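Notes to accompany the following structure.
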Amino acid sequence: MTAPTTLAEAKSWTWADYQARYDALAEADLTPDTLEAWLKDWNALEDALSEVESRLYVATSVNTADEAAEQELLAFSRDIDEPRRAASQKLKEKLLASGLSLPMIEIPLKRMKMEASVYREANLPRFTQLVELSNEFGKLCGAQSVEWDGEEKPLSALNPLMESSDRGTREKAYRAKMGRILADRAGYNSLWTRMYGLRQEIAREAGFATFTDYQYRAMGRLEYGPDQVAEFRDSIEEVVVPVVARLMADRRTRLGIDPLRPWDAFAPLPGEEPLKPYAEDPEFTAKAQAIFDDMGGPFPTWFKEMTDEGLMDLFGRKHKANGGYCTTFPLQRRPFIFQNATGTHDDVQTLVHEAGHCFHAYECFDIPFGLAQSPPMEFCEVASMGMEMLAQSRMNRFYDEKGAARASLQHLEKCLLFWPYMSVVDGFQHWAYASADGADPAACDAAWLDLDSRFMPWFDWSGMEDIRVTGWHRKLHIFEVPFYYVEYGMAQIGAFQVWANAQADDRAAIEKYLAGLKLGGSADLHGLFAAVGGSFDFSRESLRRLMDQAEAEVDRLRGVIG
């Protein structure tokens, strides 16, 4: 069976062209002898459509003001992706009903069974509406800018100023950025109310009382449920929050300030200047290349290939969507990095994070069956966050010895801060979709405040109460990818385990890391975490071990810094 092999061909096909191939697969005999070829033919169609969708999404990200790209993406969602979902569902049902399997797809089939069970054709137009609303969200964020020193600047341009050694500058930049976001409060609230309603409708159509129950199945979460996630948040509150509170109290003392305000979280200490990882744009990727050269293996070749082929859009500008991500172009067998670099150390961490996703994609391109190419998200983030941790011993490619220690200390502190913040985001989403008041923005503000007070009590928000309670507006995942956030918290455990292995034997840790990436989605989370030399364990005991490891490293790095 033929399928498009180039982007131009894939875009030229109408849905009728694709449908004929999906229909042929739906009518084909599925036997042990034909299973492998049938799976590969299906995967070829999915690759072509995924390539088109990824390209269109990137086009709307790199320029949120590109109306032609926006209309093309919306047309794809409406005219192709809607019927594609229905056609794919028929093939999923056919495969599941056959009882056929292969060793590599046994776990993916379990996840597919969960996902297929929530499918309802009546929900397809609702998914298209959510794509439209997600695009509205991107445009809202992408249009935000402020005037600074007589120039109009995108909000990302203020990030370096919030790491200034001058506290007044940090505060001014912080208030300017947050004030501009707050000016769109009504817009965020309107988008949330509409998205929330559609998601609850999707859940009810599929026979679920809440979107929470629906989404856990739709996401194929085999190994845990809402109760285990709630226990994870409780463990973070008990084990991690006290450690971070001590770090923040120590920071307040070292800065010689009281109270600690949000713009002080990562300010340079007295006598320090903000970290400057690179002076010019080409220097950024050249220094990152040096990190991957030092790691060896396939990493240098992969990263150079991405640089040479223009598979990265790294620097912030007006009308560029917020955040950072990695996506893939399956026909080209290449990944793509999107981020908003502004000259701070966060740029380095974001780039190596997304590069970890890219390296994962490179390994998965070689897996013969599409079902096994897609790892669970909890492990995808081990690939990215694990790469961040492996890079820490190589920060001398960007800085001198003390600067490298400062960079690693800043990264470690942000990792520790992340677990409480993740708990706020995840707790907010569980509250919202279980509450009768979840669609009410005022109730959402109150819920966010309660969670922020519980997990992140170290900042003084006096006079900025509106900014504090609307923190949920500033988290893209809440709007665009609901319930996709606890994965980062679980994956960070795996990343810390990779880091512990690297401290003992760097080369062996890298080899185990690659071994885990090669598995794609063919193993469950326990098997994937074990492959990289860790364990899928987010208990209090596991967190305590990681906190001991982290606090010892904080002390060591402070000794280097002096």
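Residue 8 is where the sequence shown starts when you use my numbering, and the numbers rise one by one after that. All C-beta atoms, glycine included, are put in the ideal place defined by N, C-alpha and C. Owing to the predicted nature of the structure, the values given are computational and were not obtained by experimental measurement.
When the Cα atoms are used, Leu419 and Ala502 turn out to be separated by approximately 12 Å.
Relative to Pro289, the option among Pro167, Gly317, Pro305 and Gly194 whose CA is nearest is Gly317.
Taken atom to atom, the span from the alpha-carbon of Ile298 to that of Ala511 is near 19 Å.
Runs of alpha helix (DSSP H) with 4 or more residues, each lying fully within the region 219–272, are found at 233–242 and 248–262, listed in chain order. Residue pairing by DSSP puts Met319 in a beta bridge opposite Ile344.
With the rule of 3 Cβ pairs closer than 8 Å, the region 509–529 does not count as touching the region 172–181.
Under the three-state reduction of DSSP, Ser152 is assigned to strand.
For Tyr491, the three-state secondary structure derived from DSSP is coil. For the region 384–452, the continuous alpha helix (DSSP H) assignments of 4+ residues that do not extend past its boundaries occur at 384–398 and 408–441, in sequence order. Three or more Cβ pairs closer than 8 Å define a contact, and the region 235–253 meets that threshold against the region 456–469. For Pro161, the secondary structure class from DSSP, reduced to helix, strand or coil, is strand. According to the DSSP secondary-structure assignment, Tyr332 is paired through a beta bridge with Phe345. Ser61 sits buried, since 16 or more C-beta atoms from the chains shown fall within 10 Å of its C-beta. Taking Phe466 as reference, the option from Lys184, Ala15 and Trp270 with the minimal CA-CA separation is Trp270. In the displayed model, Asp73 falls within coil according to three-state DSSP, outside both helix and strand. For Glu128, the secondary structure class from DSSP, reduced to helix, strand or coil, is helix.
Between the alpha carbons of Met554 and Val247 lies a gap of roughly 7 Å. Within its own chain, the residues whose Cβ lies closer than 6 Å to the Cβ of Gly145, once the five positions on either side in sequence are excluded, are Thr71 and Ala328, listed in chain order.
The beta carbons of Val431 and Ile485 sit no closer together than 8 Å.
Linking Lys97 to Ala439 through their CA atoms gives a straight-line distance of about 33 Å. Annotated three-state conformation of Leu37 is coil, per DSSP.
Rounded to the nearest angstrom, the Cβ distance from Tyr195 to Ala446 is 13 Å, too far for a contact under 8 Å. For Glu280, the closest alpha carbon among the candidates Lys325, Pro161 and Tyr406 is that of Tyr406. Shortest Cα-Cα distance from Met226 to any of Glu385, Met392 and Ser391 involves Glu385. Three or more Cβ pairs drawn from the region 523–533 and the region 105–116 lie within less than 8 Å of each other, which places the two stretches in contact. Excluding sequence positions up to five before and after His326, its CB lies within less than 6 Å of the CB of Asn70, Thr71, Ala72 and Gly149, all in the same chain and listed in chain order.
In this structure, Phe366 and Ala390 form a Cβ contact; the two beta carbons are roughly 7 Å apart against a cut-off of 8 Å.
Note on geometry: alpha-carbon atoms of Thr200 and Val65 lie some 26 Å from one another.
Going by C-alpha positions, Arg259 is about 27 Å away from Glu395.
Distance from the Cα of Val359 is smallest, within the candidate group Cys371, Phe336 and Tyr332, for Tyr332. Taking one beta carbon from each stretch, the region 19–30 and the region 86–97 have 3 or more pairs nearer than 8 Å; the two touch.
Cα atoms of Thr38 and Asp48: separation of roughly 14 Å, rounded to the nearest angstrom. Per DSSP, Ala193 is one residue of the alpha helix (DSSP H) stretching across Arg192 to Glu212. Under the Cβ criterion (8 Å, minimum of three pairs), the region 214–232 does not count as touching the region 466–485.
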